[in-house]
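Numbering follows the numbering used here, in which position 23 of the sequence shown is assigned residue number 40; successive positions increment by one, without gaps. Where is the CB? At the ideal position from N, CA and C, for every residue including glycine. Here's the structure we're looking at; comments come further down.
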Amino acid sequence: MSIYVGNLSYDVTEADMTSVFAEYGSVKRVQLPTDRETGRMRGFGFIEMGTDDEEQAAIDALDGAEWMGRDIKVNKAKPRESNKGSFGGGNRGSFSSSKY
């Protein structure tokens, strides 16, 4: 499982994240998604730590804490929902077959 970290400064780096979370255990992975078009950090990230206990210690200590001028949100990451088969929208914007 991994930890979601939200409301991050756009200036945060993987090294910054590793440094802060290493106080609570071993950091296995840091992921900071960027915007595809601008390359700019999106303001959230994910941390994977060595054990569930280390993750919980980091969540308990850091959720709501101020870091780099922002109150960060730290909690267990939710599994990504599958988009399989959900293209949404129904007939929005399409032509009705009864007209043709």
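Practice task
Assign residue 24 to one of two classes, buried (16 or more other C-beta atoms within 10 Å of its C-beta) or exposed (fewer than that).
Solution key: exposed
Problem - Classification of residue 66 by the beta-carbon crowding that lies within 10 angstroms, buried from 16 upward - result: Looking at its Cβ environment, which holds 16 or more other Cβ atoms inside 10 Å, residue 66 is buried.
Exercise for the section: Inspect the beta-carbon positions of residue 64 and residue 34 and report whether they are closer than 8 angstroms. Expected result: Result yes, Cβ atoms of residue 64 and residue 34 sit closer than 8 angstroms.
Practice task
Using beta-carbon positions only, say whether residue 60 and residue 47 come within less than 8 angstroms of one another.
Solution key: no
Problem - Same chain, Cβ closer than 6 angstroms to residue 39, five either side skipped, listed in chain order - result: Cβ within range, chain order: n/a, list empty.
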